[in-house]
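Trainee: Under the numbering used here, think of the first position of the sequence shown as 103, with each following residue one higher.
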Amino acid sequence: MLRTYFLLAYRNLLANRLTSLINVVGLSVAVACAITVFLVLKNYWTLDNFHQNGDRIFMVEYVQHNDEDTGKTQTLGDAPAPLAAELTAHFPQVKQTVRIERERVQVFDKETLVDETLTYADTNFFSLFTFPLHYGSPRVLADPTALIISHEVAEKYFPGQLPIGQPFTLRVGTHEQKQFTIQGVAQPFPTNAGFHFDFLTGYHSIHTSLKNQDWTTHLSGLFVETNQPADGPLLAGQLSRYVALYNASNREGPIQSFTLENLRHPSPDAHEVIHRPTEANHPLITVLFGLIALVMMAVSCANYVNIALGSVTRRLKEIGVRKVMGGTRQQLILQFMIENLLLCTVALGLGLLLTAGFLVPLFNDVMVLNIALSFTNNAPLWVFLLSILLFTALASGAYPALYVSAFRPIAIFAGRQQFGSRQTLGRVLLVGQFALAFIAVIIGVVLSSAGQQWRDLDWGYDPNPTLVIRLTDSTQYTIVKNELTRHAAVQTVAGAVNHVGESLIRQPVRIGAQEKQVIQYRVGADYLDALGLQLAAGQSFDAARTVENAQSVLINETFAQQQGWSVPSALGNVMRVDSQLVTVAGVVRNFKLLGSGVARPVLFRTAEAPQFQYLLVRFAPGTGPALVADLERFYKATFPHTMLSAFYQKDVFNDFNDTSEKLAKGFGYLAGLALLIACLGLYGLAVQHFTRRVKEVSVRKVLGATVGQVILLVNREFVTLLVLAGGLANVLCWLWARWVLANTQAFTGAFQLSAWPFVVANTLVLLTAAVAVARQSLQLANVRLADTLKNTD
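1. Can you tell which of His236, Leu824, Ala248, Asn884 has its C-alpha closest to the C-alpha of Ile541?
2. Should Glu617 be labelled buried (16 or more other beta-carbon atoms within 10 Å of its own) or exposed?
3. Assuming Val485 and Ile473 form a contact by the criterion Cβ under 8 Å, report the distance between their Cβ atoms to the nearest whole angstrom.
4. Counting Cβ pairs, one atom from each stretch, are 3 or more of them under 8 Å apart for the region 260-275 and the region 348-360?
5. Determine contact between the region 685-694 and the region 712-720, defined as no fewer than three beta-carbon pairs at a distance below 8 Å.
6. Apart from the five residues just before and just after Thr172, which ones in its own chain have a Cβ nearer than 6 Å to its Cβ?
7. Looking only at C-alpha atoms, which of Asn294, Thr271, Glu604 sits nearest to Leu249?
8. Identify whether Ser359 lies in helix, strand or coil by the three-state DSSP scheme.
9. Do you know how far the Cα of Tyr716 is from the Cα of Arg252?
10. Please confirm whether Arg273 and Val216 have their CB atoms less than 7 Å apart.
11. When you compare each of Pro335, Ala223, Gln330 to His309 by their alpha carbons, which one comes out closest?
12. Could you check the C-alpha separation between Trp667 and Ala186 for me, to the nearest Å?
13. State the beta-bridge partners of Ile251 as determined by DSSP.
14. Could you give the C-beta distance for Phe536 and Ala839, rounded to a whole number, given that I count them as a contact under 8 Å?
15. DSSP three-state label for Lys313, please.
16. In whole angstroms, what is the alpha-carbon distance linking Ala748 and Asn566?
17. If you drop the 5 nearest sequence neighbours on each side, which residues of the same chain put their C-beta closer than 6 Å to that of Thr725?
18. From Pro703 to Ala662, what does the alpha carbon distance come to, in whole angstroms?
19. Would DSSP call Thr172 helix, strand or coil?
20. Let me know the secondary structure DSSP gives Arg524 once reduced to three states.
21. Please list, in chain order, all residues of the same chain as Pro896 whose beta carbon is under 8 Å from its beta carbon, the five residues on each side excluded.
22. Rounding to the nearest angstrom, what Cα-Cα distance links Asn155 and Phe231 in this structure?
23. In angstroms with no decimal places, state the Cα-to-Cα distance between Leu235 and His153.
24. For Arg802, which of helix, strand or coil comes out of DSSP?
25. Could you give the first and the last residue of the continuous beta strand (DSSP E) run that contains His236?
26. Could you name the residues of the same chain whose beta carbon sits closer than 6 Å to that of Leu341, not counting the 5 residues immediately before and after it, in chain order?
27. CB-CB under 6 Å to Pro240, same chain, minus the five flanking residues each way: which ones, in chain order?
28. Between which two residues does the alpha helix (DSSP H) containing Ser351 stretch?
29. Three or more beta-carbon pairs under 8 Å between the region 550-570 and the region 708-715, yes or no?
30. What number of angstroms, rounded off, separates the C-alpha of Glu710 from the C-alpha of Asp575?
31. Does Thr478 come out as helix, strand or coil in the three-state DSSP assignment?
32. On the CB-based measure, 16 or more other CB atoms within 10 Å of its CB, does Gly314 come out buried or exposed?
33. Taking the alpha carbon of Arg204 as the reference point, which residue from Asn675, Phe741, Leu143, Gly323 has its own alpha carbon closest?
34. By Cβ distance, which residues of its chain are closer than 6 Å to Ser642, with the 5 residues on each side in sequence left out?
35. On a Cα-Cα basis, can you pick out the residue from Gly697, Val543, Arg795, Arg877 that is closest to Cys835?
36. Would Arg624 be called buried (16 or more neighbouring beta carbons within 10 Å of its own) or exposed?
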């Protein structure tokens, strides 16, 4: 019996190749999007749950005031270093603790320097976390010169080789090049790892960056394993004794309390924790990706229903004959559902191929957290695939099957069964799916517009004639500066501890009774000239006035505006920074601080040459390449074991621009897929719609209708529905975009919403829709009257 049903279903699908192809392509694209979304959300919902003792592992965090006027607080995850020993020594419910510190390092790879991250961890790291090693033993962390690398790093630097025993040099911090020996390689990390390592070594005080371990030293993360999961909340309540001890050493940034966050079961607001050592699931990620899957499935299923209802006229006699021969309604429903199930199965197979070959690589290229399509030991994926198959089959096929199976054979054979003249549901579905396509395209164009606006922002200075050199030790600045001052193309040389666009340091300052967080730059006296920043009022630092420089600060216009100061009145105001009273000596004109142009209050203070990590060179226009070539030769002669690491200031936001471009590209692909599905549906409906109107058009042509009049006539309904869908989508997108911009100013910055992305998106959708129906419209308008009017049936 079932074999017969499947055979009939197969024959019917072959007999209607066009509609079958449209439905399969549309459903496969939607299914591929749904599978990709499932893989993403599965990773986010199960972050770090592969650690065997995850329910007993907690991260130490602390709470401090964010704004004393409003009482708002913020939670941070960079716990103080001495707390680890205190927890182990005084709390019997603590089984073990692991300190983690991360440091930016550089690797010499052929002729270039590659930025990487070195992780320091206590020797019991692998007993706390489940990160199996492919080669080596966890015990090697006891050796301060031992290095364990990830599988990805091994493939990157030692392709096709066994790296065990290989010497490896890392440029650590800005003061030393450290020799390690690779003694371990980790197995590939699970895709739902919220944190992992590239280079791992033991946490030993012999390392320069770990020498200071007092209460002012903050770790990248402090993890605690308790004896029982219930010990975590009890332990958190007992940490109040260390608040006063911490505050005594950190008077400028006192805290309220210490807290513990479970690794496997984080709190809903875990994503708001600053300096959190692991990734956290943002609830908006679930909403966003869930909506993407819902939109694509809705568009695809609406297509199927529309085309199924539109093509049913070709099967009216089949339905009538089967009912006359004794077929029941239940049998007809089963027949139509099996046809639909067979089609959905094919779509599922194609969707899996599309997911593995296109969407997964695209997602991994755009996003930080990677995903993988693996069928081995992945029961949730199999359950989801079965569920999506059944859901798609029911959602797309149930209504057409129930509706068509209710037709009466007498009405069919008497010609009284009218179908297709008033398709209210079909119109609603077409409007809905094109509204969703409009929305997807508009979002993609708006994101592309945002990226372009960010790239075109006024920097507030000319970044082109500035070269930035990353220094490697405390003596390098003076040596390189002396060499550069002899170069004819060099106009200004300056140093900096942290640099605009490259690194940020948040600094609490106190102005009267008010405390606020600002961005601080520690720089040399000539930094503003070397970068090209302009003063709005006051004076800059002067290398000849070192005492006055130490007692002065420069602020930007945003700082002055937030304090309610006019630019001239800002001069002379006093504030406390790091327990020192300083005076505002100058106001710097606003400049591009971040890639998105977000305005933040900025403070400049002077620093001494041994602290500098950057050297800035202002050179004559057009002399940059020659200057870099001279510097490379100088480095090879003077620092034979150090490579020049430099970049032009104009390139400092390239990473941000690349990320925004990838995000826009990802949404562009999504918009293209949504538009493809909608236009496939429109094409299928147009074919059926035009077929039903062949004789009407023929008669009109006999009566004198022109080709243009015919095309307008047969497409009038589609045009009306598309305009309605576009109007609905534009209103919704405009309101949504305004709401998003109002609530994300901290990220979107200077982006201004304009009308042109909407114009571009609407034009693109309407043109694509026109192309979808153009061929059929022309064929219908040029139909041969002799072929269509000779049949009087």
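Where a beta carbon is used, it is the ideal one built from N, C-alpha and C, also for glycine.
Mentor: Taking the coordinates as given:
1. Leu824
2. buried
3. The pair is not a contact, with the Cβ atoms about 17 Å apart (cut-off 8 Å).
4. no
5. no
6. Because Thr172 carries a pLDDT of 48, less than 50, the predicted location of this residue cannot be relied on, and no value is offered for it.
7. Put simply, of Asn294, Thr271, Glu604 the residue whose alpha carbon is nearest the alpha carbon of Leu249 is Thr271.
8. strand
9. The sequence as given places Ser at residue 252; Arg does not occur at that position. The alpha-carbon atoms of Ser252 and Tyr716 are separated by roughly 30 Å.
10. no
11. Ala223
12. Their Cα atoms are separated by approximately 45 Å.
13. Residue pairing of Ile251 in beta bridges, as defined by DSSP: Val287, Phe301.
14. Not really, about 19 Å apart at Cβ, beyond 8 Å.
15. coil
16. Each residue's CA atom was taken as its position, placing Ala748 and Asn566 some 14 Å apart.
17. Ala591
18. 8 Å
19. Interpretation of Thr172 is limited by its pLDDT of 48, a score under 50 that renders its predicted location unreliable; no figure is taken from the coordinates.
20. Low confidence applies to Arg524: its pLDDT is 45, below 50, so where it sits in the model is not reliable enough to give any reading.
21. It is not possible to answer for residue 896, since the shown part of the chain is limited to 103 through 895.
22. 8 Å
23. A straight-line Cα-Cα distance of about 14 Å links Leu235 and His153.
24. helix
25. 235-238
26. Phe360
27. Cβ contact annotation for Pro240 (same chain, cutoff 6 Å, sequence separation greater than five): Phe228, in chain order.
28. 345-351
29. no
30. 13 Å
31. coil
32. Reading off the sequence, residue 314 comes out as Asn, not Gly. When all chains shown are included, Asn314 counts as exposed.
33. A check of alpha carbon separations from Arg204 across Asn675, Phe741, Leu143, Gly323 identifies Gly323 as the nearest.
34. Leu630, Gly688
35. Nearest Cα to Cys835 within the set Gly697, Val543, Arg795, Arg877: Val543.
36. buried
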